[in-house]
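**Student:** Chains A and B supply the protein sequences, listed in that same order. For the first sequence, position 98 (counting from the first letter as 1) is numbered 98 according to full-length UniProt numbering, and the numbering increases by one without interruption. For the second sequence, position 4 (counting from the first letter as 1) is numbered 4 according to full-length UniProt numbering, and the numbering increases by one without interruption.
Protein chains: 2
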Amino acid sequence: MATLKLPSTVPSPSEDCEQLRKAFAGWGTNEDLIIQILAHRNGAQRKKIQETYSETYGEDLLKDLDSELSSDFQRAVLLWTLEPAERDAYLVNEATKKLTASNWVIMEVACTRSSDQLLCARKAYHAKYKKSLEEDIAHHTSGDFRKLLVPLVSAFRYEGDEVNMSLAKSEAKTFHQKICDKAYNDDEVIRILATRSKPQLNATFNHYNDQFGNAITKDLKADPEDEYLKLLRSIIKCLTVPEKYYEKVLRLAINKLGTDEKALTRVVVTRAEVDLQRIAEEYQRRNSVPLERAVAGDTSGDYEKMLLALMGHGDA
Amino acid sequence: MATLKLPSTVPSPSEDCEQLRKAFAGWGTNEDLIIQILAHRNGAQRKKIQETYSETYGEDLLKDLDSELSSDFQRAVLLWTLEPAERDAYLVNEATKKLTASNWVIMEVACTRSSDQLLCARKAYHAKYKKSLEEDIAHHTSGDFRKLLVPLVSAFRYEGDEVNMSLAKSEAKTFHQKICDKAYNDDEVIRILATRSKPQLNATFNHYNDQFGNAITKDLKADPEDEYLKLLRSIIKCLTVPEKYYEKVLRLAINKLGTDEKALTRVVVTRAEVDLQRIAEEYQRRNSVPLERAVAGDTSGDYEKMLLALMGHGDA
């Protein structure tokens, strides 16, 4: 349930490149034209446009966008234009830098992508940064956060639907025991979260709920302000109900005193081709306001136009 | 420096299948013919033979080999015939079972394969066992061994040659500090071993040697019988000088009172297409006996013939 809207007839990559070139030409930039093109092309099409642009003009589209645009609009267009795997590599790299460090972004990429998507991000990381994604994360995180994040990004989970119910029961019990002992960073807890398939974990958490009377995320709220526990709860949500996790990220980003544009942009560009429709439904249910309206109320100018276009607003 | 020898003209897969079928026919089995064919075909050719066999006869070549052959010879032929990725998946799965548990086999697969080969083994594991390789390893190992093995099998190391010398220096110092503190299972030690590229680790260990006067493997010999320290030393050897690691496995397998056929078979079948030539050179240097002669002296019959064929003995 993507929100991305494609035109009924998609122009050829060379036509798109020609139009983009026009948008950059002369004094000033035609932002509307850029949005009209890029915000209505899927990943494969954007890749083709990038390739054609470089073949035709001997220049890098991303660099040209970078020099033509600015601030939040620039970041949204650049992140959107990147291939999903390259974008994930970029976001994770940024999340390991001191000033932009974020365990949340790393966790999102680790837990909401498919096994193959996560792997492609790791490959893109090699290609771009000449290092492995996990070595940078391991190097730049520490303590319990490292213990949790490194196995999560290194996972290559089984993606079949088979669920082993007796395993689900025994691992639900393990979770319950560890939570009772407040052993939240226990090796077993991390092993299960970082290696089991998503359907298997879902069965385990359902069993936990049935057997012990609370959702596991509720039992992980001993100290609501504890950052490690927050991350654990988010991991569980990302692995089983990612739309709920993302709804909350959007809610907090929008309700903040001064919008959190980085988070808003990240969710819109990474989910527009995936499940932004479901996230928007969840948002409306939880906030009684359509997501589009909330975003429009909190942003302005080209940035607003770009986000709304990606959210499926208006014609392609 | 593989030892595998291919005939100058390789018969077509259908011809090979026909011959194999003949080798199975009637009373008794023609083992020589089986060796003559399978021990002189590379991975891609063996795969094609398996496919053609199943298309032509509606039967599984591996199952037929399994029912026609027995004991050590059977295991060698079966393991050899499997695709490398499927073979690795099989070996690791076996290594997680109670009666055949082996941290060594898991470590070998994790540390001597390329990033892509290890990944293919993880994919083959999904396909065959409907689970992830790392979840089985995590589930069936414990304590420090788990802490070490799970990140090793989950690694997707960068494979370029770039080395960061200042990082090598600082991480050599980290190793030295942890070894002085006898903190062999420290998170930092495991992080570095499990995430850095092989050239980077090589630089780190060289720097360790230059700076602190001993090879790191020597400093990790505080208690020569400690299983965890043994594994650590083997990891370092596998990551930097795999031929030396394998030479020792062969030496111990052959010198044992009663040969360790499982280890012998494993090394020959997994390395014949990779670096068995280098391993054999290392063996001769260390033992003053050619590897072929040592193997011939310790094995017999079809099993001996199969191993020698894979080691490049005689004509293809």
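Yeah, the Cβ is synthetic: ideal placement off N, Cα and C, and Gly gets one too. It should be emphasised that the depicted structure is a prediction, and the values quoted were computed from it without experimental measurement.
Can you check which of these residues, A/Pro151, A/Asp32, A/Asn255, A/Asn93, is closest to A/Glu304 by C-alpha distance?
**Tutor:** The shortest Cα separation from A/Glu304 among A/Pro151, A/Asp32, A/Asn255, A/Asn93 belongs to A/Asp32.
**Student:** Listing by chain order, which chain A residues have their CB less than 7 Å from the CB of B/Arg157?
**Tutor:** Per Cβ cutoff of 7 Å: Ser132.
**Student:** Does the Cβ-Cβ distance between A/Thr141 and A/Asn103 come in under 8 Å?
**Tutor:** Closer than 8 Å, so yes.
**Student:** Can you name the start and end residues of the alpha helix (DSSP H) that B/Arg157 belongs to?
**Tutor:** Neither: B/Arg157 is in no alpha helix (DSSP H) and is coded neither H nor E.
**Student:** Taking 8 Å as the cut-off, does the region 219–235 of chain A touch the region 254–268 of chain A (at least 3 CB pairs, one atom from each stretch)?
**Tutor:** With a cut-off of 8 Å, the region 219–235 of chain A and the region 254–268 of chain A do not count as touching, because too few Cβ pairs lie within range.
**Student:** Throw me the rounded Cβ distance for the B/Val269 and B/Leu79 pair, which I believe falls under 8 Å.
**Tutor:** That pair is a contact at about 5 Å.
**Student:** The alpha helix (DSSP H) that contains A/Lys173, what's its start and end?
**Tutor:** Note, A/Lys173: alpha helix (DSSP H), 165–180.
**Student:** For A/Lys123, is the classification buried or exposed, using 16 other Cβ atoms within 10 angstroms of its Cβ as the cut-off for buried?
**Tutor:** The residue in question, A/Lys123, is buried, as its Cβ has 16 or more Cβ neighbours within 10 Å.
**Student:** For A/Leu231, which option in A/Gly258, A/Ala253, A/Leu148 has the closest C-alpha, if you only look at C-alpha atoms?
**Tutor:** Closest option to A/Leu231, Cα to Cα, is A/Leu148.
**Student:** When the Cα atoms are used, what is the spatial distance from A/Tyr53 to A/Leu61?
**Tutor:** Rounded to the nearest angstrom, the two C-alpha atoms are 6 Å apart.
**Student:** What distance in whole Å lies between the Cβ atoms of A/Arg21 and A/Tyr57, which are believed to be in contact at a cut-off of 8 Å?
**Tutor:** With 8 Å as the limit, A/Tyr57 and A/Arg21 qualify as a contact, their Cβ atoms being about 7 Å apart.
**Student:** Pop quiz: A/Asn42 and A/Glu273 are said to be a contact at Cβ under 8 Å. What is the actual Cβ separation, rounded to whole angstroms?
**Tutor:** Right, the Cβ-Cβ distance comes to about 6 Å (below 8 Å), so this counts as a contact.
**Student:** Whose C-alpha, out of B/Cys180, B/Ser170, B/Glu59, is nearest the C-alpha of B/Leu201?
**Tutor:** B/Leu201 has its Cα closest to that of B/Ser170, out of B/Cys180, B/Ser170, B/Glu59.
**Student:** Can you tell me which of the three DSSP states B/Ser70 falls into?
**Tutor:** B/Ser70 falls in the coil class under three-state DSSP.
**Student:** Find the residues of chain B that neighbour A/Thr195, judging by a C-beta separation of less than 7 Å, and give them in chain order.
**Tutor:** Under the 7 Å cutoff, chain B gives Ser132, Glu134, Glu135, Ala138.
**Student:** Between the region 150–167 of chain B and the region 196–213 of chain B, do three or more beta carbon pairs fall short of 8 Å?
**Tutor:** The region 150–167 of chain B is in contact with the region 196–213 of chain B.
**Student:** CA-CA distance, B/Tyr208 and B/Asp144?
**Tutor:** Distance between the alpha carbons of B/Tyr208 and B/Asp144: 24 Å.
**Student:** Keeping to the same chain, check which residues put their C-beta closer than 8 Å to that of B/Thr96; ignore five residues upstream and five downstream.
**Tutor:** Ile106, Asp136, Ile137, His139, His140, Thr141, listed in sequence order.
**Student:** Starting from the beta carbon of A/Gly160, find every residue of chain B whose beta carbon is closer than 8 Å, and list them in chain order.
**Tutor:** Near A/Gly160 (Cβ distances below 8 Å), the residues of chain B are His126, Lys130.
**Student:** If I'm right that B/Arg46 touches B/Thr81 with Cβ under 8 Å, what's the distance once you round it to whole angstroms?
**Tutor:** Yes, B/Arg46 and B/Thr81 are in contact; Cβ-Cβ is about 6 Å, under 8 Å.
**Student:** Quick check on A/Val150 - is its C-beta less than 8 Å from some C-beta in chain B?
**Tutor:** It does; some Cβ of chain B falls within 8 Å.
**Student:** By the 10 Å Cβ neighbour count, where 16 or more other Cβ atoms means buried, how is A/Gln111 classified, buried or exposed?
**Tutor:** Looking at the sequence itself, residue 111 of chain A is Cys, so the reference to Gln does not match. By the neighbour-count rule (16 or more Cβ atoms within 10 Å), A/Cys111 is buried.
**Student:** Grouping DSSP H, G and I as helix and E and B as strand, with all else coil, what is B/Ala316?
**Tutor:** It is coil, neither helix nor strand.
**Student:** Interface residues of chain B around A/Asp187 at Cβ under 8 Å?
**Tutor:** Result: Arg146, Lys147.
**Student:** Expressed to the nearest angstrom, what Euclidean distance is found between the alpha-carbon atoms of A/Thr217 and A/Phe175?
**Tutor:** Between A/Thr217 and A/Phe175, the C-alpha separation is close to 11 Å.
**Student:** Residues of chain B with CB closer than 8 Å to the CB of A/Arg271, please, in chain order.
**Tutor:** None at all; the shortest Cβ gap to chain B is about 25 Å.
**Student:** Sorted by chain position, which residues of the same chain lie with C-beta nearer than 6 Å to A/Leu257's C-beta, five sequence neighbours on each side aside?
**Tutor:** Contacts found: none.
**Student:** Please classify A/Lys130: does DSSP put it in a helix, a strand, or coil?
**Tutor:** Note: A/Lys130 maps to coil in three-state DSSP.
**Student:** Apart from the five residues just before and just after B/Arg278, which ones in its own chain have a Cβ nearer than 7 Å to its Cβ?
**Tutor:** Counting only Cβ-Cβ distances below 7 Å, and skipping sequence neighbours, we find Met1, Glu243.
**Student:** Just the C-alpha distance for B/Asp16 and B/Arg271, rounded to the nearest angstrom, thanks.
**Tutor:** Answer to the nearest angstrom: the Cα atoms are 23 Å apart.
**Student:** Taking DSSP as the reference, what is the three-state secondary structure of B/Ala268?
**Tutor:** In the sequence under discussion, the amino acid at residue 268 of chain B is Val, which differs from the Ala named in the question. Reduced to three states, the DSSP call for B/Val268 is helix.
**Student:** Give me, in chain order, the residues of the same chain whose beta-carbon lies closer than 8 Å to that of residue 328 of chain A; leave out the 5 immediate sequence neighbours on both sides.
**Tutor:** With chain A running from 1 to 316 in the structure shown, residue 328 of chain A is simply not present.
**Student:** Would you decide whether A/Val289 is buried or exposed? Buried here means 16 or more other CB atoms lie within 10 Å of its CB.
**Tutor:** Label assigned to A/Val289: exposed.
**Student:** Do B/Ala296 and residue 326 of chain B count as a contact pair if the criterion is CB distance below 8 Å?
**Tutor:** Coverage of chain B is limited to positions 1 through 316, which leaves residue 326 of chain B absent and any answer about it impossible.
**Student:** Would you kindly work out how many angstroms separate the C-alpha atoms of B/Asp210 and A/Leu99, rounded to a whole number?
**Tutor:** Each residue's Cα considered, the two are about 35 Å apart.
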